[in-house]
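Asks: Residues 1 to 248, numbered by the working numbering, are exactly what the sequence shown covers, in order.
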Amino acid sequence: MSTNKPSSGSLLETLRAQSDAVRGQGDAARRPVEESLLEIDRRLWRAFKWLDEAVAHLEVIKPVVAHEFRAGDVITIASPKFENGFLSFRRKPMGGHDVIEQIEFFYKLTGDKPVTVKVPAAAVNGVESRLNGCQLRFQYRTETDNGQRSGVFTIEPAVVAMIRFVPDYRRQTVEVTMRNVDRFESVALEFQAAAIEEPALEDLVRLIMGQANTFLRRAPLAGIGAARRAPEMAAAEVYRIEKTARPR
1 MSTNKPSSGS
11 LLETLRAQSD
21 AVRGQGDAAR
31 RPVEESLLEI
41 DRRLWRAFKW
51 LDEAVAHLEV
61 IKPVVAHEFR
71 AGDVITIASP
81 KFENGFLSFR
91 RKPMGGHDVI
101 EQIEFFYKLT
111 GDKPVTVKVP
121 AAAVNGVESR
131 LNGCQLRFQY
141 RTETDNGQRS
151 GVFTIEPAVV
161 AMIRFVPDYR
171 RQTVEVTMRN
181 VDRFESVALE
191 FQAAAIEEPA
201 LEDLVRLIMG
211 QANTFLRRAP
221 LAGIGAARRA
231 PEMAAAEVYR
241 IEKTARPR
């Protein structure tokens with residue numbers, strides 16, 4: 001009768017080797033996904049820093065912007081100046097990393113002096129709705145002349161614009177939403193994440209300045225030719241919001 005027995009560690013060593021092999025396959029499969037996630041995050045961070053510096057220069061120069069912002073027939077703000085702006089970003093945990101969830105860029109363009117608009121009482125609600133929809137600040141008073149009541153709006157010729165970058169890490173896209181950038185409207189474009197590079201950011205600043213609209217042709221409208229962004233898997237909503245801290 002044979003007394004040969006397998007060594008006591010042989011089975012454990014075999015299991016260890018098999019589990020290491022399976023773990024290695026899983027790590028290899030996850031690595032491209034993880035690298036893609038981090039690359040998108042790096043691109044957005046570079047975009048944040050680039051735009052932040054650009055805004056700092058624009059605040060000093062205060063250039064004239066070659067746009068006309070029309071709020072219906074109520075007011076037209078032509079060739080305002082770049083006054084100021086700021087950027088903020090928000091992070092969230094994803095795939096074991098703290099990545100950028102969104103970047104927001106707000107800025108203000110200003111005209112020369114307040115504009116006074118006098119309208120019949122029946123038109124007051126429509127004018128007020130139009131001004132609020134364009135985010136224009138105003139003061140209101142009523143006047144009576146020969147028994148006719150009118151509404152008088154004193155409007156601050158200042159445009160508040162917003163640009164938001166929201167990445168979809170799974171689809172490797174970045175949705176760029178712009179409000180009041182070249183007119184009193186909103187538009188959303190869907191970029192491939194790899195397209196968020198300095199040339200695109202330069203075109204964005206040129207669009208803001210009214211020098212060219214090339215940026216609008218760099219990507220299709222969001223939702224055109226592609227499914228809308230799918231909701232992300234539920235996770236703990238832990239955010240960190242940071243703003244620029246540039247000296248004024």
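Heads up, the beta-carbon is just placed ideally off N, CA and C, and yes, glycines get one too. A quick note: this is a predicted structure, and the numbers were derived from the prediction, not measured.
In the DSSP output, which residue or residues are listed as bridge partners for PRO167?
Replies: In the sequence shown, counting from the first residue as 1, residue 167 sits at position 167. For PRO167, which the question treats as bridged, DSSP gives the partners VAL174.
Asks: If you drop the 5 nearest sequence neighbours on each side, which residues of the same chain put their C-beta closer than 7 Å to that of THR110?
Replies: Position 110 of the sequence shown, counted from the start, is the residue given in the question as residue 110. The answer, listed in chain order, is PRO80, LYS81, GLU83, PRO157, ALA158.
Asks: Please confirm if THR14 has its CB atom under 7 Å from at least one CB of chain C.
Replies: In the structure shown, chain C cannot be found, because there is only a single protein chain.
Asks: Output yes or no for whether 7 Å exceeds the beta carbon distance between ALA200 and ARG218.
Replies: Counting from one through the sequence shown, the residue named residue 200 turns up at place 200. Counting from one through the sequence shown, the residue named residue 218 turns up at place 218. In contact: ALA200 and ARG218 (Cβ atoms closer than 7 Å).
Asks: Buried or exposed: THR76, going by 16 or more other Cβ atoms within 10 Å of its Cβ?
Replies: Taking the first residue of the sequence shown as 1, we reach residue 76 at position 76. Burial call: exposed.
Asks: When the Cβ atoms of the stretch 175-193 are set against those of the stretch 81-101, are three or more pairs found closer than 8 Å?
Replies: In short, these stretches do not touch, since the Cβ pair count stays below three.
Asks: Is it buried or exposed for HIS67, if we count other Cβ within 10 angstroms and need 16 for buried?
Replies: Translated into positions along the sequence shown, residue 67 becomes position 67. HIS67 comes out buried.
Asks: Using the DSSP secondary-structure output, state which residues sit across from ASP20 in a beta bridge.
Replies: Against the sequence shown, residue 20 aligns to sequence position 20. Bridge partners of ASP20: none, in fact.
Asks: Indicate the three-state DSSP secondary structure (helix, strand or coil) for ARG217 in the structure shown.
Replies: For the purposes of this step, residue 217 is identified with residue 217 of the sequence shown, where counting begins at 1. Helix, per DSSP.
Asks: Taking 6 Å as the cut-off, does the CB of PHE215 come closer than this to any heavy atom belonging to the ligand ATP?
Replies: Questions concerning the ligand ATP fall outside what the structure shown contains, since it holds no ligand whatsoever.
Asks: Closest to VAL205 by C-alpha separation, out of PRO32, VAL55, PHE153, would be which residue?
Replies: Here residue 205 is taken as the residue at index 205 of the sequence shown, counted from 1. Ranking PRO32, VAL55, PHE153 by Cα distance to VAL205 puts VAL55 first.
Asks: What separation, rounded to the nearest whole angstrom, lies between the Cα atoms of GLN135 and ASP98?
Replies: Numbered from its first residue, the sequence shown carries residue 135 at position 135. Numbered from its first residue, the sequence shown carries residue 98 at position 98. Rounded to the nearest angstrom, the two C-alpha atoms are 34 Å apart.
Asks: Secondary structure at ASP73, three-state DSSP: helix, strand or coil?
Replies: For the purposes of this step, residue 73 is taken as the residue at position 73 of the sequence shown. It is coil, neither helix nor strand.
Asks: How is the beta strand (DSSP E) around GLY85 delimited, first residue to last?
Replies: Within the sequence shown, the letter at position 85 stands for residue 85. Element bounds for GLY85: 81-94.
Asks: Among residues of its own chain, excluding the 5 on either side of ARG228, which ones have a beta-carbon nearer than 6 Å to its beta-carbon?
Replies: Within the sequence shown, residue 228 is the residue found at index 228, counting from 1. With a pLDDT of only 46 at ARG228, under 50, the local geometry of the prediction cannot be trusted, and no value is derived from it.
Asks: Would DSSP call ILE155 helix, strand or coil?
Replies: Counting from one through the sequence shown, the residue named residue 155 turns up at place 155. Note: ILE155 maps to strand in three-state DSSP.
Asks: Bridge partners for GLN148 per DSSP, in chain order?
Replies: For the purposes of this step, residue 148 is taken as residue 148 along the sequence shown, with counting starting at 1. Its beta-bridge partners are ASP145.
Asks: Taking the alpha carbon of TYR107 as the point to measure from, which residue in PHE191, GLU34, LEU51, ARG130 has its own alpha carbon closest?
Replies: The residue given as residue 107 occupies position 107 in the sequence shown. When each option's Cα is compared against that of TYR107, the closest is LEU51.
Asks: One question on the structure: do GLY151 and ALA188 come within less than 7 Å of each other, judged by their Cβ atoms?
Replies: As a first step, residue 151 is located in the sequence shown; it is residue number 151 there, counting from the start. As a first step, residue 188 is located in the sequence shown; it is residue number 188 there, counting from the start. For GLY151 and ALA188, no; Cβs fall outside 7 Å.
Asks: Does the beta-carbon of ILE61 have 16 or more other beta-carbons within 10 angstroms, so that it is buried, or is it exposed?
Replies: Locating residue 61 in the sequence shown gives position 61, counting from the first residue. The residue in question, ILE61, is exposed, as its Cβ has fewer than 16 Cβ neighbours within 10 Å.
Asks: Ignoring anything shorter than 4 residues or poking outside the stretch 186-217, list the alpha helix (DSSP H) runs there in chain order.
Replies: Runs of the alpha helix (DSSP H) inside the stretch 186-217: 198-209.
Asks: Start and end of the alpha helix (DSSP H) containing LEU136?
Replies: Position 136 of the sequence shown, counted from the start, is the residue given in the question as residue 136. Run containing LEU136: none; DSSP gives neither H nor E here.
Asks: For the beta strand (DSSP E) holding HIS97, just list the boundary residues, first then last.
Replies: What you label residue 97 is simply residue 97 of the sequence shown in a count that begins at 1. Per DSSP, HIS97 belongs to the beta strand (DSSP E) from 97-110.
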